[in-house]
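Trainee:
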Amino acid sequence: MFKASALFCLFTILVLTLTLAHAHKTKQQSNKCNFFKGSWIMDRSYPMYNGSECPFVDPGLNCQKNGRSDSIYLKFKWKPHGCSLSRFNGERFLKRNRGKKIMFVGDSLSSNQWQSLACMLYRTVRSNHTFEIMGPLSTLSFP
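Here the sequence shown stands for residues -23 to -1, 1 to 120, where the numbers follow mature numbering (1 follows the signal peptide of the UniProt record, and there is no 0).
1) In chain order, what residues of the same chain lie with their CB nearer than 7 Å to the CB of S16, ignoring the 5 residues before and after it?
2) I need the DSSP call for P36, collapsed to helix, strand or coil.
3) Run through DSSP, which three-state label would E30 get?
4) Count the other CB atoms within 10 Å of the CB of G28; is the residue buried (16 or more) or exposed (fewer)?
5) Can you have a look at Q92 and say buried or exposed, based on whether 16 or more other CB atoms are within 10 angstroms of its CB?
6) Whose C-beta lies closer than 7 Å to the C-beta of C60 among residues of the same chain, with five residues either side of it excluded?
7) Kindly indicate the opening and closing residues of the beta strand (DSSP E) around L117.
8) May I have the straight-line CA-CA distance separating S63 from R100, to the nearest angstrom?
9) For a test of the three-state rule: what should DSSP assign to R56, helix, strand or coil?
10) Between C96, S88, H106, V82, which lies nearest to N66 when the distance is taken from Cα to Cα?
11) By alpha-carbon positions, which one of F33, V82, F12 ends up nearest to residue 126?
12) Is the stretch 38 to 56 touching the stretch 17 to 26, taking contact as three or more C-beta pairs under 8 Å?
13) Is the beta carbon of F119 sitting closer than 8 Å to the one on L98?
14) Here's a check: name, in chain order, each residue in its chain whose Cβ is nearer than 7 Å to the Cβ of residue 122, leaving out the five neighbours to either side.
15) Please go through the same chain and pick out, in chain order, the residues whose beta-carbon is closer than 8 Å to the beta-carbon of K52, but skip the five residues on each side of it.
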């Protein structure tokens, strides 16, 4: 009888220890940055550029020029769980990528991303760029 109850106690302690270790590991992992889970939060310092002043925004996608009267949707930024994203710095981006090429391939979503990046860079170095369109290809260069 004593052996059975001692084995049961050891088994219970082992199960509890493993359960607590798993819970601790899960909690540590949940504190890590997850770019795919988060929420949209209001940031009055946004937007990063004025779409009506940027020459790279497709006219059909320029909500303000097409009559959208509100602009509150432009004041939101993505806040991932477990970390903060640093604000985009166009000068730092251009220095880091000097002499390199970045290509966007895909559908309208990648086109929107290209336009947004181009507008953020245009705001940084407004007059110092070259822009060429050859058929479906657009090339934007900053010295």
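Ideal Cβ positions, reconstructed from N, Cα and C, are used throughout, including at glycine.
Mentor: To lay it out plainly:
1) K56
2) helix
3) coil
4) buried
5) buried
6) C10
7) 114 to 118
8) 18 Å
9) Going by the sequence as given, residue 56 is Lys instead of Arg. It is a strand residue.
10) C96
11) Nothing in the structure corresponds to residue 126, since the chain is present only between -23 and 120.
12) yes
13) yes
14) The chain is shown from -23 up to 120; residue 122 falls before or after that span and cannot be answered.
15) M19, D20, R21, Y23, P24
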